[in-house]
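Structure first, then comments.
Protein chains: 2
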Amino acid sequence: MAKGSFEASAPGKVILLGEHFVVFGKPALVMALDRRARVRVKLLELQADNIKVHSLNIPNASPAELQPIKEAAIKAMEFLGLRKGLEITVNSDIPISAGLGSSAAVSVATIAAVGGLFGVRFTKEDLCRLALEAERLVHKNPSGIDPTIATYGGILLFEKGKPPEPVKLDLDFQLIIGNTGIARSTGEMVAKVGLLQLYYPEIFESLLEGAHRLVLEALEALRASDLEGLGRLFNVNHGLLSAIGVSDISLERLVYAARAAGAFGAKLTGGGGGGCMIALAEAGRLDQVVQAIRKAGGEAFIAAPSERGVMLEA
Amino acid sequence: MAKGSFEASAPGKVILLGEHFVVFGKPALVMALDRRARVRVKLLELQADNIKVHSLNIPNASPAELQPIKEAAIKAMEFLGLRKGLEITVNSDIPISAGLGSSAAVSVATIAAVGGLFGVRFTKEDLCRLALEAERLVHKNPSGIDPTIATYGGILLFEKGKPPEPVKLDLDFQLIIGNTGIARSTGEMVAKVGLLQLYYPEIFESLLEGAHRLVLEALEALRASDLEGLGRLFNVNHGLLSAIGVSDISLERLVYAARAAGAFGAKLTGGGGGGCMIALAEAGRLDQVVQAIRKAGGEAFIAAPSERGVMLEA
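The listed protein sequences derive, respectively, from chains A and B.
All residue numbers for the first sequence refer to this note's numbering, where the first residue is -9 and numbers rise by one.
All residue numbers for the second sequence refer to this note's numbering, where the first residue is -9 and numbers rise by one.
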């Protein structure tokens, strides 16, 4: 039987290249961050059906904000043929509403923790699928990239409907993440891009082809430990994202500030229309880029890839 | 024989879509502006070989700035088998060093005026070719688009090595031109784009294909008097120009300010890296967009297409 409580964690993410185009079947490169969501679930023996959720990071979270976490727990219990009362406590150092995969990391960790609570270790495939189903109840048209990277960790070549392909690295590197502080709606951005494709299918096809080739070149650059080349490809990818209408002036300010501070390259990451950007720079210049982004009005921090996907921390 | 002096004029231009990609053999849409360079040439009977140049707009112009005008006059006289002393006076309302074709307009007008002075009316083909040869002595790798539009006027579908194709319009429209005030070097930008093509020929090929399709769509939109559609295509084209590295933060500021003020679309125009941007908006909103661009730090004015190419004003 279940012991009293169980904890699991999962990482946030940044999309290195290929966001949005991934919705149209193109590959993307996604990286797990060294920032994690930790979720503790506790059995409420006497309160069947009652699921209480607390977030230590958003003390005043609205019920709507906590709903996805509930949905994830319910999905996990449905899969196990159970329905119990739970108390769920989230403690995360992934910035929220920033396109850094906070929501999927919480979902994946919740499902893993619920499994652990009842003595079941989900396969990664099941974890990922359950988290995606829970996300679908809340977000529109998610590509599945967020739960996948939260589950597997590392750097993945991701393509819809295919098993994710881990990218082996010889390279220890860090990147800079800049947050515009403007909450974005990935759903709205995805819808906007969909309209563009409807209006101009042939132009869009060329952009898709360009994005595809970009990701393949970036994969080569990563495997060759060529951060400078990867940065150049960031710049090109950022332009393609501007072309499909998902950049904005808040992102451009941070992107150009990073480049002017000597970054190899910079681009928006994730849904766009606000949210975050990423930049690559040589190790000695990371702080300079962070300062430049702050001066341009963003929050900024240095992050590294993390090999660790979902983890049980019983 | 020649009378004492002769005047000719030619228009400035904006590239509507396709700049940079035109260097690689793709079509571009270019529009003559209702701003002109007027050039008066006067025979200096007693001073063979002496060419004096004055610009009424740049009273302190350096000899290097005036050299292209001299070269144009020399080209015209060479073609006529002459070498005479001339006094050349330029009076232009085209902003200079802004990518608005000031230099080519002056060259074309100079050549036409020199012809007129000696009783010769150059064909448009000859005018255009002589101006291009004169430009080649000064600028690197000019596509020929500037002397062509300065000669023919109107709106042209331009492709390197083909006769320019006039675009017939049912439509009276105006657009907004915003100037970052940052002097740009088209040559540097062209070289930067050339490097990108060398590094990533396949990605670049997709971008070229996208730019080609954009111009064809834009031609349809123009012919259908669909300014809103043309604006949307401006936005996509701007992203492609960002992808090839020729935008900068000064341009992004003006572009996003115009869009936020309700423009149908906005893009950089010409070489990039500073210089100008253009925006389309409904007639009632033009002033609002102009104000927004000024507030964002640019100079701005409203311009219209001009059917008039080079004109003799004897």
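Virtual Cβ for every residue (Gly too), placed ideally from N, Cα, C.
Item to complete: Determine the closest residue to B:Pro85 out of B:Ser45, B:Ala54, B:Gly75, with distance taken between C-alpha atoms.
Response: Just measuring C-alpha positions, the residue of B:Ser45, B:Ala54, B:Gly75 sitting nearest B:Pro85 is B:Ser45.
Discussion item. For A:Glu199, count the other beta carbons within 10 Å of its own beta carbon; 16 or more makes it buried, fewer makes it exposed. Which is it?
Written reply: It is buried - the Cβ of A:Glu199 has at least 16 other Cβ atoms within 10 Å.
Discussion item. Quick check: is the beta carbon of B:Asp238 nearer than 9 Å to any beta carbon in chain A?
Written reply: yes
Fill in: Other residues of its chain near B:Glu77: CB distance less than 6 Å, five sequence neighbours each side excluded
Lys32, Leu34, Lys42
Item to complete: Under the assumption that A:Gly261 contacts A:Gly89 (Cβ atoms under 8 Å), give the Cβ distance between them as a whole number of angstroms.
Response: 5 Å
Practice prompt. Identify the contact partners of A:Ala233 in chain C, using a Cβ-Cβ distance below 7 Å as the criterion.
Written response: This model lacks chain C altogether; the protein chains it does include are A and B.
Fill in: Positions along the segment 192 to 203 of chain A whose CB lies within less than 7 Å of some CB in chain B
Glu192, Ile193, Ser196, Leu197, Glu199, Gly200, Arg203
Discussion item. So, under 8 Å CB-CB, B:Ala62 and B:Ala140 are touching, yes? Tell me the CB distance rounded to an integer number of Å.
Written reply: Rounded, the Cβ-Cβ distance is 11 Å, inconsistent with contact.
Worksheet entry | Proximal chain A residues relative to B:Arg243, where beta-carbon distance stays under 9 Å | Ile239, Glu242, Arg243
Discussion item. Between which two residues does the beta strand (DSSP E) holding B:Ile166 run?
Written reply: 165 to 169
Practice prompt. Confirm the yes/no value for this check: CB of B:Ile292, any heavy atom of the ligand NAP, distance under 8 Å.
Written response: By its list of ligands, the structure shown contains no ligand whatsoever, and the ligand NAP lies outside what it can speak to.
Worksheet item: Can you name the residues of chain B whose CB is closer than 8 Å to the CB of A:Tyr246?
Response: Those are Asp238, Ile239, Glu242, listed as they occur along chain B.
Worksheet item: Can you list the residues of chain A that B:Glu207 reaches, using a CB-CB cut of under 7 Å?
Response: Tyr190, Ile193
Worksheet item: Looking at the structure shown, is A:Asn47 part of a helix, part of a strand, or coil, going by DSSP?
Response: coil
Discussion item. Quick check on A:Asp83: buried or exposed, where buried means 16 or more other Cβ atoms within 10 Å of its Cβ?
Written reply: Counting Cβ neighbours within 10 Å, A:Asp83 comes out exposed, since fewer than 16 surround it.
Worksheet item: What residue from B:Ala51, B:Ile101, B:Asn50, B:Leu36 has the CA that sits closest to B:Glu68's CA?
Response: B:Ile101
Worksheet item: If you draw a straight line from the alpha carbon of A:Met267 to that of A:Asn169, how long is it in whole angstroms?
Response: 6 Å
Worksheet item: With 16 other CB atoms within 10 Å as the buried threshold, where does A:Arg126 fall?
Response: exposed
Practice prompt. Give the straight-line distance between the Cα atoms of A:Asp24 and A:Ala294, rounded to the nearest whole angstrom.
Written response: 6 Å
Worksheet item: If you pair each beta-carbon of the segment 246 to 258 of chain A with each one of the segment 179 to 189 of chain A, do three or more pairs fall below 8 Å?
Response: no
Worksheet item: So, is the C-beta of B:Ala250 closer than 9 Å to a C-beta in chain A?
Response: yes
Fill in: Between the CA atoms of B:Thr176 and A:Gly265 - distance to the nearest angstrom
Each residue's alpha carbon lies about 33 Å from the other.
Worksheet item: What's the call for B:Ala306, buried or exposed, on a 16-neighbour Cβ count within 10 Å?
Response: The displayed coordinates of chain B run from -9 to 304. Any statement about residue 306 of chain B would go beyond what the structure contains.
Worksheet item: Name the chain B residues whose beta carbon is nearer than 9 Å to that of A:Arg174?
Response: Near A:Arg174 there are no residues of chain B at all, since even the closest Cβ is about 15 Å away, more than 9 Å.
Worksheet item: Can you list the residues of chain A that B:Arg222 reaches, using a CB-CB cut of under 9 Å?
Response: Leu186, Tyr189, Tyr190, Gly235
Fill in: Residue span of the alpha helix (DSSP H) that contains B:Asn227, given as start and end
217 to 233
Worksheet item: Taking the alpha-carbon positions, what's the B:Pro58 to B:Ala124 distance?
Response: 7 Å
Worksheet item: In three-state terms, what does DSSP make of B:Ala(-2)?
Response: strand
Worksheet item: By the 10 Å Cβ neighbour count, where 16 or more other Cβ atoms means buried, how is B:Leu244 classified, buried or exposed?
Response: Around the beta carbon of B:Leu244, 16 or more other beta carbons lie within 10 angstroms, which makes this residue buried.
Practice prompt. Answer yes or no: does any C-beta atom of chain A fall closer than 9 Å to that of B:Ala(-8)?
Written response: Confidence in B:Ala(-8) is poor, its pLDDT being 49 and thus under 50, which makes the residue's placement unreliable; the coordinate value appears in the next sentence. It does not; no Cβ of chain A falls within 9 Å.
Discussion item. Less than 9 Å between the C-beta atoms of B:Ala51 and B:Val29, yes or no?
Written reply: no
Worksheet item: Just reading off the alpha helix (DSSP H) that A:Asp122 is part of, what are its end residues?
Response: The residue you asked about is not Asp; residue 122 of chain A is Leu in the sequence shown. 114 to 126 is the span of the alpha helix (DSSP H), which, as asked, contains A:Leu122.
Discussion item. Let's see if you can read the secondary structure: which residues bound the alpha helix (DSSP H) around B:Asp136?
Written reply: 135 to 142
Fill in: Proximity of B:Leu19 and B:Leu147 at Cβ, strictly below 9 Å
yes
Discussion item. On a Cα-Cα basis, can you pick out the residue from B:Ser296, B:Pro17, B:Leu241, B:Leu302 that is closest to B:Leu161?
Written reply: B:Ser296
Worksheet entry | CB contact below 9 Å: B:Gly8 versus chain A | Nearest CB-CB separation between B:Gly8 and chain A: not below the 9 Å threshold.
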